[in-house]
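In terms of the working numbering, the sequence shown opens at residue 3 and continues consecutively. We treat Cβ as the ideally placed atom computed from N, Cα and C, and that holds for glycine. Owing to the predicted nature of the structure, the values given are computational and were not obtained by experimental measurement.
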Amino acid sequence: MYSLNKRLTLSLAASLALFFLAQTLMIGREVEVLSEHNLISRMKHDQEALLAALSWQPPAQIKIDPLRIPEIYERPFSGHYYQITIAGVTVYSRSLWDEKLPAQSTPVARDIPGPVGQRLLMLAQTVSLHDQAVEIRIAEDVSHVERTTSAFQRHLLLFAAAAVLALLVLQGWLVQSGLKPLLRIRKQLSQLEKGEIDRVSIATASEIMPLVEEINRLVDLIRLRLDRSRHALGDLAHALKTPLSVVGQIIQRQPESADMAQLKEQLHGIEQRIDRELARARTAGHAPGGSWSDPSLDLGDLTRMLKQVFPDTRIGLDIPAELKIAADREDMLEVFGNLLENSCKWASGEIRCRVRAEQEHYVIQVDDDGPGIAESEYKSLLVRGARLDESRPGHGLGLAIVNEIVAAYDGEITLGRSAELGGLMVQIILPHP
């Protein structure tokens with residue numbers, strides 16, 4: 003699984019870095035070209051000034067009017083130099099001191115070694131003066147221009163880096179803002195799972211609304227299929243129970259024999275198998291949102307029915323009135339019904355049922371004062387059809403059904419000896435969704 007934010011950030015960072023790097027190199031190159039162009043223009047202007055200040059007196063005398071040329075050519079090693087040759091006679095600028103400018107074959111020469119390690123840009127021009135060929139070489143140190151250009155490029159790179167960081171921060175904020183509707187949908191899905199809401203309801207962008215609509219359509223479909231399944235199973239149970247009951251009555255009227263005993267056993271197995279499969283199919287597990295069980299209300303009705311069947315058994319309930327379990331109501335009725343009915347069958351006269359909510363889970367505990375069971379039998383009781391006493395209905399089938407429902411909710415069931423009543427203690431832990 004990858005992070006959309008990280009992927010977008012890396013893609014944008016790479017794109018911006020390449021863009022700003024190319025832009026910096028291009029601008030830096032343009033600045034170099036522009037600087038050199040301006041430098042050459044100024045040097046040509048100086049060439050024209052030198053030519054205007056130049057006078058030739060045959061046979062071999064060159065004079066230059068110092069008032070008509072820039073003073074910088076008079077300072078030694080100033081970085082501005084000229085060299086003029088007429089009819090084999092050469093004069094040098096005072097700034098050259100004892101140095102000479104090298105010969106060149108092109109009008110413009112770059113990276114020419116100059117005095118005191120300077121790097122020169124040199125122009126050479128040949129003109130005619132008094133019917134004499136005049137070669138004027140003029141050179142200038144470009145080190146200061148290169149330093150200025152390099153500084154500009156560094157500043158441009160720093161600006162580009164700052165711009166990239168700013169754009170990445172902005173892009174991160176935009177992505178987070180764009181994902182907020184999905185985070186709200188995720189929160190509502192969590193609420194839907196807990197039963198706090200029954201549909202996802204959020205005002206969001208038109209691009210995300212189809213997702214919300216599909217989620218709600220899926221929730222409705224799950225509810226519809228669950229209801230249909232339960233109704234169909236209920237109808238099937240009624241359809242099967244009646245013929246099986248008739249068959250059982252016919253068998254009861256027959257004389258006892260080995261065949262009749264085998265028929266009774268097989269019929270009892272069929273009834274158990276039907277009960278098991280119906281209970282498993284009715285289990286909703288992590289049902290869609292809106293499913294809540296109210297133990298204080300549901301157990302009140304359940305205990306009243308059980309007292310009609312077991313009038314001599316006291317059933318004590320310890321359930322906070324405000325407690326609600328985020329689980330399917332039918333599942334919880336199945337759990338409590340099996341636990342209490344099993345305890346009533348085995349209890350000597352008292353049952354206690356407690357339900358409480360802790361930080362991360364719900365705890366359901368049922369104790370009875372019956373004979374209890376050996377610790378070695380705990381595991382077998384949670385297996386389908388296990389029975390300690392074949393003469394009366396017992397813990398086996400009911401606890402196995404409870405175990406399957408609890409497993410559907412990722413819960414745990416524990417059997418033990420009741421410290422208060424001395425009989426069987428059944429404790430169930432169901433995690434909060």
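Please name the residue in A359, E352, R121 whose C-alpha comes closest to that of D370. E352
If L125 sits next to I74, beta carbons under 8 Å apart, how far is it from one beta carbon to the other, in whole angstroms? Not quite, the Cβ-Cβ distance comes to about 16 Å (not below 8 Å), so this is no contact.
Between P313, L325, A16, which has its C-alpha nearest E343's C-alpha? P313
Say whether the segment 154-173 touches the segment 18-26, bearing in mind that this needs 3 or more beta-carbon pairs closer than 8 Å, one atom from each stretch. yes
Coarse secondary structure for P104, derived from DSSP in three states: coil
T150: buried (16+ other C-beta within 10 angstroms of its C-beta) or exposed? exposed
Taking C-beta to C-beta, are Q85 and K102 nearer than 9 Å? Contact: yes.
Alpha-carbon to alpha-carbon, R31 and L123: 17 Å
Within the continuous beta strand (DSSP E) that includes W58, where are the two ends? 56-59
Distance, I375 Cα to G425 Cα: 8 Å
Would E360 be called buried (16 or more neighbouring beta carbons within 10 Å of its own) or exposed? exposed
Could you tell me the distance, in whole angstroms, from the CA atom of S259 to the CA atom of V408? 41 Å
Assuming contact is defined by CB atoms lying nearer than 9 Å, are R2 and E76 in contact in what I supplied? Because the chain in this structure spans residues 3 to 435, residue 2 falls outside the shown range and cannot be described.
For I71 and I138, the rounded distance between their alpha carbons: Between I138 and I71, the C-alpha separation is close to 14 Å.
In angstroms, rounded to a whole number, what distance separates the CA positions of R316 and S192? 40 Å
Answer with buried or exposed for W175, where buried requires no fewer than 16 other C-beta atoms within 10 angstroms of its C-beta. W175 should be labelled exposed.
If we ignore side chains and look at the alpha-carbon of each, how far apart do E422 and K381 end up? Those two C-alpha atoms are separated by around 22 Å.
In this structure, does DSSP put Q178 in helix, strand or coil? helix
Within 10 angstroms of its Cβ, does F338 collect 16 or more other Cβ (buried), or is it exposed? buried
First and last residue of the beta strand (DSSP E) that includes S345? Where S345 is concerned, there is no enclosing beta strand (DSSP E), although the alpha helix (DSSP H) it sits in stretches over 331-348.
Candidates T416, L27, G372, S378: which alpha carbon is nearest S152's? L27
Looking at the structure shown, is Q256 part of a helix, part of a strand, or coil, going by DSSP? coil
Between which two residues does the beta strand (DSSP E) harbouring R358 extend? 352-359
Residues of its chain near V136, where Cβ-Cβ distance is below 8 Å and the 5 sequence neighbours each way are ignored: L53, L56, W58, I86, T87, I88, T128, V129, S130
According to DSSP, is G30 helix, strand or coil? helix
Looking only at C-alpha atoms, which of D261, A207, L170, S37 sits nearest to L184? A207
Quick check on P117: buried or exposed, where buried means 16 or more other Cβ atoms within 10 Å of its Cβ? Flag for P117 reads buried.
Is it right to say D442 is buried, meaning 16 or more other beta carbons lie within 10 angstroms of its own, or is it exposed? The chain is shown from 3 up to 435; residue 442 falls before or after that span and cannot be answered.
Quick one: Cα of V35 to Cα of V91, how far? 35 Å
Secondary structure at R389, three-state DSSP: helix, strand or coil? The pLDDT assigned to R389 is 48, lower than 50, so where the model puts this residue is not dependable; a value taken from the coordinates is nonetheless given after this. R389 falls in the coil class under three-state DSSP.
Start and end of the alpha helix (DSSP H) containing D300? 297-311
Anyone know if the C-beta pair for R356 and D303 falls short of 9 Å? no
Beta-carbon proximity list for V249, same chain, < 7 Å, skipping 5 on both sides: So the list reads L269, once near-sequence residues are dropped.
In this structure, what does DSSP give as the bridge partners for Q63? Q59
From A51, D229, L220, D277, pick the residue whose C-alpha is nearest to that of P246; which is it? Pro is not the amino acid found at residue 246; the sequence shown has Leu there. The shortest Cα separation from L246 among A51, D229, L220, D277 belongs to D277.
Where do the N-terminal and C-terminal ends of the beta strand (DSSP E) with S130 fall, by residue? 121-131
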